[in-house]
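Read in order, the letters of the sequence shown are residues 3 to 493 in this note's numbering. Each residue gets a CB set at the ideal place from its N, CA and C atoms; glycine is no exception.
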Amino acid sequence: MTSESPYYWANREAITVSAWYPYAETMPVAVVLEDQSIRKNYVASDFISAEGQNVDFNTPASLKFSHRTARITLNLQAGAGVDNVADAAISLLNLTTDNGNPAAIRPYNPEGDTYDALLVPQTIASDREFIRIELNGNVHTARLSKETEMKAGFVYTYNVTVTDKGLKVEEGSILNWTEGGSETGIASVMNYDYGASSNTYTVYTAEGLYYWAEAARNDLSTNCILAANIPLEIPAENGSNWTTLGDYTNSYSGVFEGNGHSISNLTISGGAYQGIFGTISESSEVRNLTLIDVNISGSQYIGAITGGVKSSDTNQGKIYNCSVTGTVNGSHDNSYTGGFAGYSQGIIQACQFSGTVKGVSYLGGIVGKNEGSDALVIACSTQGKTECTNLWSQYGRILKNAQYHETIFICLTGLRHGAAAPRGNGLLAGRLLCTDRFRTPAARKRAHDLPRLGLAADGKFRNSRQPRLHRQRLEGHLENRRVDERRSKGL
């Protein structure tokens, strides 16, 4: 039936009618255009139909049409480091190419900072970039948090904040396109965005953090930036909500930028080399991160951030401007357990631990074992207690001395011993590696048997025999300031 060949009723029986637009002899396959930024292309991509509808005799025909495409709406706004988004170039990526549809679409800008694109019904994968925004020379992309079916006749809305570091995508609704009614559910949250040029995930939610972790397991150089405080779900008793990234052999080599944000309830129960990372390499940095209410358990080389910090002849792994609260527990006879790291050959600076370190021996509020001629712990503080059979705390090295290799610089501890320790019970250092002073095994044993020394919460030194520490103070060094502010004070 066409306008030139109308239908004439032969009897009074109802008929079934189907109609569609754009017109063709038969209902066309929906194929949208790639450049929908041009209005006529956007309009031409809107396929509608009324299928199998009953029309009664002597009754005005009223067909109900519906859209055969899904509409994606992006509401953009400028965030930190971005003045406006007027010049943003936007694309939707990794789309189905069935029936000749484009793999990418440039959306239409009907008004302001709102962009619309029409897609044929399809399922968007969660392991591929979906939104790409280029602005001020920076390119940012984002994926969906889970595989998502885009259904015909529905509008999927995402509110996107563009910053100089990435995209923040807020949860959007799924609405019936024609009637404005709501379908059960909400649009999938894009929990992170990914910058391919820098191999960096910017993370907004726990799901996004887990997605970064999965990517980092395949490429341990994958960087992460936190864009929000992230609470992890507390697991069942003796359970875990985190699987440590890497191990002793395979070290994380990227940068984890906490960006002043926190991760709460990190819970790990495993073997050796436990923490967010098994070990971090000499090129890795973890910075500006707060861990709240951690519960980390393992055998040996245990820390909230990492089991170990590595170094090379030319570089050292670094942890700085971080804080940890909670409990860290090592069960091995040689526990090597610390609030931040089990052992360190690198630099731990401007960090604070408040909580409990448990184990058998080699424990420290900051690090369990500090080794290497260039290992440093600078301007760190601890509060809480240690619970152990043998407390052998080791802290970082800062001052080089031809005889003693002193290893602590401008640090303060308020840690209390929760159990008697027969040896190695210093408040700052339970064991210092004096590589130049004690040349023979007998001399080294005698040094180990000496009472250990430290600076207590009252500011007084205890047991100040060899190996020596020098008391040094710097006003304001325990305040939670950023690293650049600390450096201005000479830290």
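Here Val171 is buried, its C-beta having at least 16 other C-beta atoms within 10 Å. By the Cβ neighbour-count rule, Thr61 is exposed, with fewer than 16 other Cβ atoms within 10 Å of its own. In this structure, DSSP gives Glu113 an extended state, which the three-state scheme calls strand. Burial is judged here by how many other beta carbons sit within 10 angstroms of a residue's own beta carbon; Gly300 has at least 16 and is buried. Per DSSP, Gly210 is one residue of the alpha helix (DSSP H) stretching across 208 to 220. Separation of the CB atoms of Gln318 and Gln347 is rounded to 7 Å, and the pair is thereby assigned contact status at 8 Å. If you draw a straight line from the Cα of Tyr250 to the Cα of Val122, it comes to about 48 Å.
Around the beta carbon of Pro104, 16 or more other beta carbons sit within 10 angstroms, so the residue counts as buried. The beta carbon of Gly168 sits closer than 6 Å to those of His142, Asp195, Thr204, all from its chain and outside the five residues before and after it, given in chain order.
Each residue's CA atom was taken as its position, placing Phe49 and Ala144 some 28 Å apart. Taken through DSSP and simplified to helix, strand or coil, Val33 comes out as coil. The beta-carbon distance between Gly260 and Leu291, rounded to whole angstroms, is 3 Å. This is short enough to meet the 8 Å contact definition.
Secondary structure at Lys66: coil, using DSSP grouped into helix, strand and coil. In this structure the region 218 to 226 does not touch the region 127 to 142; the number of beta carbon pairs closer than 8 Å is below three. A contact is defined here as three or more CB-CB pairs under 8 Å, and the region 325 to 336 meets this definition with respect to the region 282 to 296.
Distances from the alpha-carbon of Ala16 to those of Ala46, Tyr23, Val57, Asp37 put Val57 closest. In the three-state DSSP reduction, Asp100 falls in the helix class (H, G or I). Less than 8 Å divides the Cβ of Ile307 from the Cβ of Gly277.
Using a Cβ distance threshold of 8 Å, Leu137 and Val34 do not count as a contacting pair. Residue state for Tyr364 is assigned as coil, using DSSP reduced to three classes. With a threshold of 16 other beta carbon atoms within 10 Å, Tyr25 falls short and is exposed.
Its chain contains Glu284 as the residues whose beta carbon lies nearer than 7 Å to that of Ser314, once the 5 sequence neighbours on both sides are disregarded; these appear in chain order.
Under the 10 Å beta carbon count, Thr125 is surrounded by fewer than 16 other beta carbons and is classified as exposed. Relative to Asp335, the option among Lys371, Ala127, Gly305, Ser363 whose CA is nearest is Ser363. Following the DSSP letters along the chain, one finds Ala46 inside the alpha helix (DSSP H) bounded by residues 41 to 46. The region 234 to 248 and the region 265 to 272 touch, with three or more beta-carbon pairs separated by less than 8 Å.
Within a 10 Å sphere around the beta-carbon of Arg73 sit 16 or more other beta-carbons, which makes this residue buried.
For Val84, no beta strand (DSSP E) encloses it, and the DSSP letter there is neither H nor E. With fewer than 16 other CB atoms across the displayed protein chains lying within 10 angstroms of its CB, Thr18 is exposed.
Looking from the CA of Gly370, the closest CA among Thr384, Ser356, Gly340, Asp376 belongs to Gly340.
Between Ser383 and the set Tyr160, Tyr322, Gly374, Ala377, the nearest pair of CA atoms involves Tyr322. For Val330, the enclosing beta strand (DSSP E) begins and ends at 325 to 332. Taking 8 Å as the upper bound for CB-CB distance, Val87 and Leu94 are not in contact here, some 16 Å apart.
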